[in-house]
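Numbering (my numbering), first residue to last: 956 to 1071.
Written as structure tokens, this is what we have:
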């Protein structure tokens, strides 16, 4: 199934383009979040692929390792900043593990993980 929607945590070049008419505050938050999270290597455990009803497509879910305290802090900070400017329920791609039935932790919902 192809997915038309994108998560705000997608750091591809196409997703980082800022429109000429975009609010400077929104552009600054997007840049801050991208700079905060891009090129981060982390330890996590692949859980499953699950349908995201809000995006109408599938996402792979990775449970962030408990040892990744700095990345967890940064993800939660990024999520809070994004929610402060996008209060309309926009999908961000970071959830608590409890929302998917795990005991604790942070989950990252991403596109197409290739496991060999």
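Even glycine gets a Cβ: it sits at the ideal position worked out from N, Cα and C.
Query, Result
"So residue 998 packs on residue 1060, CB below 8 Å; how close in whole Å?", "No, residue 998 and residue 1060 are not in contact; Cβ-Cβ is about 12 Å, not under 8 Å."
"Give the C-beta separation of residue 1049 and residue 1063 to the nearest angstrom, bearing in mind that I take them to be a contact with Cβ-Cβ under 8 Å.", "6 Å"
"Smallest Cα separation from residue 1067: which of 988, 990, 995, 1004?", "1004"
"Kindly identify the DSSP beta-bridge partner or partners of residue 1001.", "1017"
"When DSSP labels each residue in this structure, what does residue 1055 get in the three-state scheme?", "helix"
"Can you have a look at residue 1045 and say buried or exposed, based on whether 16 or more other CB atoms are within 10 angstroms of its CB?", "exposed"
"In the structure shown, what three-state DSSP assignment does residue 1064 receive?", "strand"
"Can you tell me which of 1023, 1037, 1000, 1021 puts its alpha carbon nearest to the alpha carbon of residue 1065?", "1000"
"From 988, 991, 996, pick the residue whose C-alpha is nearest to that of residue 1022; which is it?", "996"
"Just list the residues that DSSP pairs residue 1007 with in beta bridges.", "1012"
"For residue 984, which residues from the same chain have a beta carbon less than 6 Å from its beta carbon, with the 5 sequence-adjacent residues on both sides left out?", "1036, 1040"
"Would the beta-carbon of residue 991 fall within 8 Å of that of residue 1052?", "no"
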